[in-house]
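Just so we're aligned, residue 1 is where the sequence shown starts under UniProt numbering, counting upward by one.
Using N, Cα and C, we set each Cβ at its ideal position, and we do this for glycine too.
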Amino acid sequence: MDSPASPALQRQVASLYQAESRRVLATLIRLLGDFDLAEEALQDAFIAAMEQWPRDGIPEQPRAWLVSTGRFKAIDTLRRRARFDASQEEIARRLEKDVPPPGEEEELEDDRLRLIFTCCHPALPADARVALTLREVCDLTTEEIASAYLVATPTMAQRIVRAKNKIRQAGIPYQVPERQELNERLDSVLQVIYLVFNEGYFASSGENLTRPDLSREAIRLGALLVELLPESEARGLLALMLLIEARRPARLDHQGDVVLLEDQDRSLWDQDLIRQGTALVERALGEGRFGAYTLQAAIAAVHGEATSADQTDWPQIVGLYDVLLRTSPSPVIELNRAVAVAMRDGWEAGLKLVDALLDDGQLDGYLPARAARADLLRRLGRHQDALRVYQEALTLSHQGAERRLLEKRVTELSSVIPSSL
Numbered sequence: 001m002d003s004p005a006s007p008a009l010q011r012q013v014a015s016l017y018q019a020e021s022r023r024v025l026a027t028l029i030r031l032l033g034d035f036d037l038a039e040e041a042l043q044d045a046f047i048a049a050m051e052q053w054p055r056d057g058i059p060e061q062p063r064a065w066l067v068s069t070g071r072f073k074a075i076d077t078l079r080r081r082a083r084f085d086a087s088q089e090e091i092a093r094r095l096e097k098d099v100p101p102p103g104e105e106e107e108l109e110d111d112r113l114r115l116i117f118t119c120c121h122p123a124l125p126a127d128a129r130v131a132l133t134l135r136e137v138c139d140l141t142t143e144e145i146a147s148a149y150l151v152a153t154p155t156m157a158q159r160i161v162r163a164k165n166k167i168r169q170a171g172i173p174y175q176v177p178e179r180q181e182l183n184e185r186l187d188s189v190l191q192v193i194y195l196v197f198n199e200g201y202f203a204s205s206g207e208n209l210t211r212p213d214l215s216r217e218a219i220r221l222g223a224l225l226v227e228l229l230p231e232s233e234a235r236g237l238l239a240l241m242l243l244i245e246a247r248r249p250a251r252l253d254h255q256g257d258v259v260l261l262e263d264q265d266r267s268l269w270d271q272d273l274i275r276q277g278t279a280l281v282e283r284a285l286g287e288g289r290f291g292a293y294t295l296q297a298a299i300a301a302v303h304g305e306a307t308s309a310d311q312t313d314w315p316q317i318v319g320l321y322d323v324l325l326r327t328s329p330s331p332v333i334e335l336n337r338a339v340a341v342a343m344r345d346g347w348e349a350g351l352k353l354v355d356a357l358l359d360d361g362q363l364d365g366y367l368p369a370r371a372a373r374a375d376l377l378r379r380l381g382r383h384q385d386a387l388r389v390y391q392e393a394l395t396l397s398h399q400g401a402e403r404r405l406l407e408k409r410v411t412e413l414s415s416v417i418p419s420s421l
């Protein structure tokens, strides 16, 4: 009879699971060719570890042991299923015959890259890429992902199941793209990571403005990508996330309400994250192959250097937005540039640019554009116009903390308008 695992061994196995389970899973998916079978094999391997290691001791290479054990457990699972489905026996025989060579570290790291690129494949819908990445790469439970995105757990579970089915049915290859495809495919991976980060830093709905657990996962994933695939834009994205995350301690007041960038207590900003992010963006810029994420990180680094909004180098920020617009034209970037122009050249100059964007219809229904226009009108003393636009913005808001900020502005303006008539 196997002896029970001691508390010390249980802690070691738990620590090993946290550190190695995603690596083991990535390799099992490659060997078995099936997400669900690999997940079941991973759990079976750790159960076997808890049963056998108290008697035999922890092996010298626990990760390799877990991969090997998981593979044999999967073969056993297929043989049990073969009693009801004869095709499973053929798969089991093939897996048994295809004995993998002793794992090389580089191969195992490649497996993690394969997993990331497969979960973020552009053939999958954007919401499915995010859900599958959080589940398989970051090891969040379906319940945690559902809670983070404010959907029912069964709905999120179906989203993940459909993504796995799409990978299997469409024959999406479990591989790192070739060099000629890498830039296009890397964009999809970076987009998923940034979507996760943004949802954690500024939640799209609900009462809570931030979900720090999602931002932490995105940063962890970004750091992993830089470790495995040190491309300059991967560094740029990681730099951007670190520099924005550095502001988190100053983003909310004691009541949980939004504190805008210019009003934040910058002594609360995390200087260590700013240093890390600035070093990364300098390296990415120095490599000369940078893109939109690196340029946005450079803008965030300029903010990070300033001790106050008044001390910010707004001409440099406008110049960086000019470069960003040439490389990645977007009405949202034009809006951000307009706000920077307002800080550099005055409120009227910024308002003209915002009005031109809204008149073109490029940002219809985009709340930040309405909020920016209302704020510029308020600063110009056009209180009636500002009140009307703030009220328009409120109809577009689904975020509790954001709504409270807009409602606060409406209340302030309502109180001053009678005295200005």
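- Message: Under DSSP, the alpha helix (DSSP H) around Pro-154 begins and ends at which residues?
- Response: As a first step, residue 154 is located in the sequence shown; it is residue number 154 there, counting from the start. 153–169 is the extent of the alpha helix (DSSP H) around Pro-154.
- Query: Which runs of the alpha helix (DSSP H) fall wholly inside the segment 256–328 and span at least 4 residues, in chain order?
  - Reply: 271–287, 292–305, 314–327
- Can you list, in chain order, the residues of its chain whose CB lies under 7 Å from that of Pro-315, leaving out five sequence neighbours each side? Position 315 of the sequence shown holds residue 315. The residues are Arg-344.
- 6 Å Cβ shell around Leu-140 - same chain, five flanking residues per side excluded: Taking the sequence shown and counting its residues from 1, one reaches residue 140 at position 140. Answer for Leu-140: Leu-134, listed in chain order.
- What does a CB cutoff of less than 7 Å around Leu-229 pick up in its chain, not counting 5 residues either side in sequence? Mapped onto the sequence shown, residue 229 falls at position 229. Cβ within range, chain order: Leu-113.
- Message: Taking a contact to mean a Cβ-Cβ separation below 9 Å, would you say Ile-333 touches Ala-301 in this structure?
- Response: Here residue 333 refers to the residue found at position 333 when the sequence shown is read from its first residue. Here residue 301 refers to the residue found at position 301 when the sequence shown is read from its first residue. Result no, Cβ atoms of Ile-333 and Ala-301 do not sit closer than 9 Å.
- Task: Check whether the Cβ atoms of Asp-34 and Arg-129 lie closer than 9 Å to each other.
- Result: In the sequence shown, the residue the question calls residue 34 occupies position 34. In the sequence shown, the residue the question calls residue 129 occupies position 129. Not closer than 9 Å, so no.
- Query: Cβ of Glu-262 within 9 Å of Cβ of Ala-309?
  - Reply: Translated into the one-based positions of the sequence shown, residue 262 becomes position 262. Translated into the one-based positions of the sequence shown, residue 309 becomes position 309. Result yes, Cβ atoms of Glu-262 and Ala-309 sit closer than 9 Å.
- Quick one: any contact between the segment 215–224 and the segment 193–201, if contact means 3 or more CB pairs under 8 Å? Counting Cβ pairs under 8 Å, three or more are found: they touch.
- Message: What residue range does the alpha helix (DSSP H) around Asp-375 cover?
- Response: Against the sequence shown, residue 375 aligns to sequence position 375. Unbroken alpha helix (DSSP H) run through Asp-375: 367–379.
- Message: With a threshold of 8 Å, are at least 3 pairs of Cβ atoms found where one atom belongs to the segment 69–79 and the other to the segment 35–48?
- Response: Touching, per the Cβ criterion.
- Message: So, for residue 423: in the same chain, excluding its five sequence neighbours on each side, which residues have a beta-carbon less than 8 Å away from its beta-carbon?
- Response: Because residue 423 is not part of the residues shown, which for the chain are 1 to 421, the question remains open.
- Query: By DSSP, does Leu-396 sit in helix, in strand, or in coil?
  - Reply: As a first step, residue 396 must be located in the sequence shown, where it is residue number 396. Of the three classes helix, strand and coil, the one that applies to Leu-396 here is coil, per DSSP.
- Endpoints, the alpha helix (DSSP H) within which Phe-197 is located: Here residue 197 refers to the residue found at position 197 when the sequence shown is read from its first residue. Residues 179–201.
- Task: Assign Asn-183 to buried or exposed, taking buried as 16 or more other Cβ atoms, counted over all protein chains shown, within 10 Å of its Cβ.
- Result: Within the sequence shown, the letter at position 183 stands for residue 183. Asn-183 should be labelled exposed.
- Ordered along the chain, which non-local residues of its own chain (more than five positions away) have a Cβ less than 7 Å from that of Ala-19? The residue given as residue 19 occupies position 19 in the sequence shown. Result list for Ala-19: empty, nothing under 7 Å.
- Taking all protein chains shown into account, do 16 or more other C-beta atoms lie within 10 angstroms of the C-beta of Ser-188, making it buried, or fewer, making it exposed? Position 188 of the sequence shown, counting from 1, holds the residue named residue 188. Answer is buried; the Cβ neighbour count reaches 16.
- Message: Assuming Gln-61 is part of the alpha helix (DSSP H), what are its boundary residues?
- Response: As a first step, residue 61 must be located in the sequence shown, where it is residue number 61. Segment: none, Gln-61 is in no alpha helix (DSSP H) and carries neither H nor E.
- Task: State buried or exposed for Arg-22, treating a residue as buried only when at least 16 other CB atoms are found within 10 Å of its CB.
- Result: In the sequence shown, counting from the first residue as 1, residue 22 sits at position 22. Under this definition Arg-22 is a buried residue.
- Query: Thinking just about the alpha-carbon of each residue, which of Leu-394, Ala-152, Ile-116, Leu-295 is nearest to the one in Val-176?
  - Reply: On the sequence shown, residue 176 is found 176 positions in, with the first residue counted as 1. Per the Cα distances, Ile-116.
- Pull up the CB-CB distance for Thr-155 and Ala-146, whole angstroms please, since I reckon it's below 8 Å. Locating residue 155 in the sequence shown gives position 155, counting from the first residue. Locating residue 146 in the sequence shown gives position 146, counting from the first residue. Between Thr-155 and Ala-146 a beta carbon distance of about 7 Å is seen, short of the 8 Å cut, so the two are scored as contacting.
- Message: Checking the sheet assignment: what are the DSSP bridge partners for Leu-252?
- Response: In the sequence shown, counting from the first residue as 1, residue 252 sits at position 252. Val-258.
- Within 9 Å, strictly: CB atoms of Ala-239 and Tyr-201: In the sequence shown, counting from the first residue as 1, residue 239 sits at position 239. In the sequence shown, counting from the first residue as 1, residue 201 sits at position 201. Going by C-beta atoms, Ala-239 is not nearer than 9 Å to Tyr-201.
- Using 10 angstroms around the beta-carbon of Glu-105, count the other beta-carbons present and answer buried if the total reaches 16, otherwise exposed. As a working mapping, residue 105 is identified with position 105 in the sequence shown. Below a pLDDT of 50, predicted positions are generally treated as unreliable, and Glu-105, at 45, falls in that range; the measurement from the model is reported next regardless. By the neighbour-count rule (16 or more Cβ atoms within 10 Å), Glu-105 is not buried but exposed.
- Would you tell me roughly how many angstroms separate the C-alpha atoms of Ala-8 and Ala-38, rounded to the nearest one? Taking the sequence shown and counting its residues from 1, the one referred to as residue 8 is at position 8. Taking the sequence shown and counting its residues from 1, the one referred to as residue 38 is at position 38. One C-alpha to the other measures close to 27 Å.
- Message: Spatial neighbours of Pro-331 within its chain, please: C-beta separation below 7 Å, excluding the five flanking residues on both sides.
- Response: For the purposes of this step, residue 331 is taken as the residue at position 331 of the sequence shown. Correct list, in chain order: Leu-357, Gln-362, Leu-363.
- Query: For Thr-312, which residues of its own chain have a beta-carbon under 8 Å away from its beta-carbon, when the five flanking residues on both sides are left out?
  - Reply: Position 312 of the sequence shown, counted from the start, is the residue given in the question as residue 312. Hits under 8 Å: Val-302, His-303, Ala-306, Met-343.
- Message: Quick check on Ser-415: does DSSP put it in helix, strand or coil?
- Response: Here residue 415 refers to the residue found at position 415 when the sequence shown is read from its first residue. It is helical.
- Three-state secondary structure (DSSP) of Glu-107: Here residue 107 refers to the residue found at position 107 when the sequence shown is read from its first residue. Legend: pLDDT at Glu-107 = 49, less than 50; position of this residue unreliable, value from coordinates given subsequently. It is helical.
- Rounded to a whole number of angstroms, what is the C-alpha to C-alpha distance between Tyr-321 and Arg-379? The residue given as residue 321 occupies position 321 in the sequence shown. The residue given as residue 379 occupies position 379 in the sequence shown. Between Tyr-321 and Arg-379, the C-alpha separation is close to 23 Å.
- Going by CA-CA distance only, name the one from Leu-285, Gln-158, Ala-163, Pro-122 that's closest to Leu-190. Stepping through the sequence shown from its first residue, residue 190 is reached at position 190. It is Pro-122 whose Cα lies nearest to the Cα of Leu-190.
- Would you say Ala-64 and Pro-125 are within 9 Å of each other, going by their C-beta atoms? Stepping through the sequence shown from its first residue, residue 64 is reached at position 64. Stepping through the sequence shown from its first residue, residue 125 is reached at position 125. Cβ atoms of Ala-64 and Pro-125: not closer than 9 Å.
- Message: Residues in the same chain with beta-carbon distance under 8 Å from Leu-394, minus the five sequence neighbours each way, listed in chain order, please.
- Response: As a working mapping, residue 394 is identified with position 394 in the sequence shown. Cβ neighbours of Leu-394 beyond the five flanking positions: Arg-403, Leu-406, Glu-407, Val-410.
- Task: Please determine, among Arg-326, Thr-210, Gly-222, Met-241, the residue with the shortest C-alpha to C-alpha distance to Gln-399.
- Result: Position 399 of the sequence shown, counted from the first residue, corresponds to residue 399. Cα-wise, what sits closest to Gln-399 is Thr-210.
- Query: In angstroms, rounded to a whole number, what distance separates the CA positions of Ser-415 and Leu-237?
  - Reply: In the sequence shown, residue 415 corresponds to position 415, counting from 1. In the sequence shown, residue 237 corresponds to position 237, counting from 1. For Ser-415 and Leu-237, the distance between alpha carbons rounds to 43 Å.
- Query: Can you give the Cα-Cα distance for Leu-108 and Tyr-17, rounded to whole angstroms?
  - Reply: Here residue 108 corresponds to residue number 108 of the sequence shown, with the count starting at 1. Here residue 17 corresponds to residue number 17 of the sequence shown, with the count starting at 1. Since pLDDT at Leu-108 reaches only 47, below the 50 mark, its modelled position is unreliable, and the value read off the structure follows with that caveat. One C-alpha to the other measures close to 16 Å.
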